[in-house]
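Undergrad:
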């Protein structure tokens with residue numbers, strides 16, 4: 774069964790460092806997403822990506838965040854200068870459509886900023 | 002804005018007990034409603050969905066009915082098993098959104114004891 778894969782499963786980084794979280798969405802999907810979950814809080818939408826551009830972003834997704842689909846298979850989330858409050862589980866998801874379609878999630882990357 | 006509210010957890014039940022996890026939503030128009038499940042160490046998986054009022058979603062013995070009059074989508078199962086222990090997330094996707102982003106509740110942890 775096709776699945777969304779994320780790497781690494783856990784990343785520890787020092788405050789101020791750049792991190793790149795990687796995702797391989799399901800191959801025939803068109804819509805890609807990043808969500809995050811701070812420990813003990815809700816899963817929050819960060820950004821959606823379609824046709825090689827951002828289609829929607831939340832207020833959390835500020836200038837320190839960026840997304841890219843560099844080679845037609847990977848989908849990355851970059852955090853330029855990490856802060857302690859960026860520590861969270863980051864989930865990638867993909868979907869074949871946007872209206873009433875199911876989103877398929879990866880297992881998540883736990884980011885710890887120290 | 003749109004929001005989802007779930008009952009506080011954790012919910013602890015004995016095997017074969019009846020389960021209800023309450024979920025209510027606030028949204029304009031006609032959102033699609035979802036229940037996702039997260040088993041320990043895994044990503045989010047779609048459990049069931051309903052896309053219009055009075056629809057009943059069902060899967061693996063779980064079911065939920067889209068009630069527009071009470072803006073609810075409560076999850077039920079007649080007889081839980083130890084293997085149902087997980088975190089359950091209620092979510093909505095707004096039909097007017099052209100990105101399919103999901104808005105999640107805070108999650109409810111279910112622990113089933115033998």
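Chains as they are written, first to last, in the working numbering: chain E, 774 to 887; chain L, 2 to 115. Even glycine gets a Cβ: it sits at the ideal position worked out from N, Cα and C.
Give me the DSSP bridge partner(s) of residue 827 (chain E).
TA: E:822.
Undergrad: Give a yes or no on whether the C-beta atoms belonging to residue 108 (chain L) and residue 92 (chain L) are separated by under 8 angstroms.
TA: When the beta-carbon positions are compared, residue 108 (chain L) and residue 92 (chain L) stay at least 8 angstroms from each other.
Undergrad: Any chance the CB of residue 881 (chain E) is under 7 angstroms from a heavy atom of the ligand MG?
TA: What this structure holds is no ligand at all, so the ligand MG is not there to describe.
Undergrad: Helix, strand or coil for residue 803 (chain E), going by three-state DSSP, please let me know.
TA: Under the three-state reduction of DSSP output, residue 803 (chain E) falls in the coil class, being neither helix nor strand.
Undergrad: Given a limit of 7 angstroms on CB to CB distance, which residues of the segment 844-867 of chain E reach chain L?
TA: 864
Undergrad: Contact between the segment 69-81 of chain L and the segment 782-798 of chain E: three or more CB pairs below 8 angstroms?
TA: no
Undergrad: Run through DSSP, which three-state label would residue 857 (chain E) get?
TA: Looking at residue 857 (chain E) - three-state DSSP - the assignment turns out to be helix.
Undergrad: At 8 angstroms on the CB atoms, spell out the chain E contacts of residue 104 (chain L), in chain order.
TA: Below the 8 angstroms Cβ cutoff, chain E contributes 818 as neighbours of residue 104 (chain L), in chain order.
Undergrad: What does a CB cutoff of less than 7 angstroms around residue 59 (chain L) pick up in its chain, not counting 5 residues either side in sequence?
TA: When the five nearest sequence neighbours on each side are left out, the beta carbons in the same chain lying within less than 7 angstroms of the beta carbon of residue 59 (chain L) are those of 49, in order along the chain.
Undergrad: Going by beta-carbon coordinates alone, are residue 822 (chain E) and residue 805 (chain E) separated by less than 8 angstroms?
TA: yes
Undergrad: I'd like to check one pair, residue 797 (chain E) with residue 846 (chain E): are the Cβ atoms closer than 8 angstroms?
TA: yes
Undergrad: Inspect the beta-carbon positions of residue 32 (chain L) and residue 94 (chain L) and report whether they are closer than 8 angstroms.
TA: yes
Undergrad: From the beta carbon of residue 10 (chain L), is the nearest beta carbon of chain E less than 8 angstroms away?
TA: no
Undergrad: In angstroms, rounded to a whole number, what distance separates the CA positions of residue 790 (chain E) and residue 815 (chain E)?
TA: 25 angstroms
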